[in-house]
Amino acid sequence: MAVINILMTDPQVERYDNFDNGETAYVFDRLASNGPRRLLEGPVCVFVDWVLEDLSGLEMCRRLRADPRTADAHVTMVLESCDAEDKRRALAAGADDYMVGPVDRTGILDRVLALGGGRMAQVSNRPFQLGDLEIDMTALQARWQDTPIPLRPNEFRLLRFFAENADRVLGRSELIDGLGKQEPPIDERTVDVWIGRLRRALRQVGAGDPIRTVRSLGYVYDSH
Numbered sequence: 001m002a003v004i005n006i007l008m009t010d011p012q013v014e015r016y017d018n019f020d021n022g023e024t025a026y027v028f029d030r031l032a033s034n035g036p037r038r039l040l041e042g043p044v045c046v047f048v049d050w051v052l053e054d055l056s057g058l059e060m061c062r063r064l065r066a067d068p069r070t071a072d073a074h075v076t077m078v079l080e081s082c083d084a085e086d087k088r089r090a091l092a093a094g095a096d097d098y099m100v101g102p103v104d105r106t107g108i109l110d111r112v113l114a115l116g117g118g119r120m121a122q123v124s125n126r127p128f129q130l131g132d133l134e135i136d137m138t139a140l141q142a143r144w145q146d147t148p149i150p151l152r153p154n155e156f157r158l159l160r161f162f163a164e165n166a167d168r169v170l171g172r173s174e175l176i177d178g179l180g181k182q183e184p185p186i187d188e189r190t191v192d193v194w195i196g197r198l199r200r201a202l203r204q205v206g207a208g209d210p211i212r213t214v215r216s217l218g219y220v221y222d223s224h
């Protein structure tokens, strides 16, 4: 089933149920100031509030455009009023569109469905680069100094999630959530198996062991 990712800065999104429409699943998730909390596989549509707790909606738009995970997302700024200057500033910051809040699940779905074959449908296939590591989204292939890393699908997705969250400690449950592995439930110790395989594959291509275990907390991919 194809997936459309709907990210929102509004915390009420955590109460929204996903929506299945034929062969397409519309998946809601919260967008934090440091970016998406899980892997984004498929088109992305983002709704950014004009005012956020820790930064402005305009700054959030700029961050989205600078982040390779969301650079090609369709971004809608949710304004507090129909102000012409606010609309101009939203578009200048990188938003594709705007709407006046408050919004609800039905309104968001209507807006996303109306986009049809617009920019949201264009999935970014640009490679993700982190030092000597390159992740080719189109080929589903990771390389270390141009040498292909032999990975199974779960380990490939795990490496991608680590790389996108480099230098940040990630617990087992956070890794499972980030990979979208909640249903059916996965035993947290399965993560250790995936990481063991990933470490062996990285050592095989001369990458050493950039994945560090942090006792009682989880794992971290060291970018340096």
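In terms of UniProt numbering, the sequence shown opens at residue 1 and continues consecutively. Beta carbons: idealized from backbone N, C-alpha and C, even for Gly. Being a predicted model, the structure only gives us computed values, none of them experimental.
By the Cβ-count criterion, R200 is exposed, with fewer than 16 other Cβ atoms from all chains shown falling within 10 Å of its own Cβ. Nearest Cα to G208 within the set P11, D49 and W144: W144.
Within the UniProt domain "OmpR/PhoB-type" (125-223), the complete alpha helix (DSSP H) runs of at least 4 residues fall at 153-164, 172-178 and 189-204. Inclusion of A163 and L217 in the CB contact set at 8 Å is not warranted, their separation being larger than that value. Assignment of A95 by DSSP, reduced to helix, strand and coil, places it in the coil class.
Note on T76: 16 or more other CB atoms within 10 angstroms of its CB, so buried under the neighbour-count rule. Going by beta carbons, G94 and C61 fall inside the 8 Å limit. Rounded to whole angstroms, D67 and P127 show a C-alpha spacing of 12 Å. Below 8 Å, too few C-beta pairs join the segment 1-17 and the segment 150-164 to call them touching: fewer than three. If one requires a minimum length of 3 residues, the beta strand (DSSP E) runs lying completely within the segment 19-107 are 19-21, 24-30, 44-49, 74-79 and 97-100, in chain order. Per DSSP, the continuous beta strand (DSSP E) segment holding M8 begins and ends at A2 to M8. Comparing C-alpha distances from V214 to each of R168, T106, G35 and R63 shows the shortest one belongs to R168. Looking at the backbone, the Cα of E53 and that of P148 are separated by about 42 Å. Cβ-Cβ distances below 7 Å link L140 to F156 in the same chain, with the five nearest sequence neighbours on each side left out; the list follows chain order.
Y219 and L170 do touch by the CB rule: their CB atoms are close to 6 Å apart, below 8 Å.
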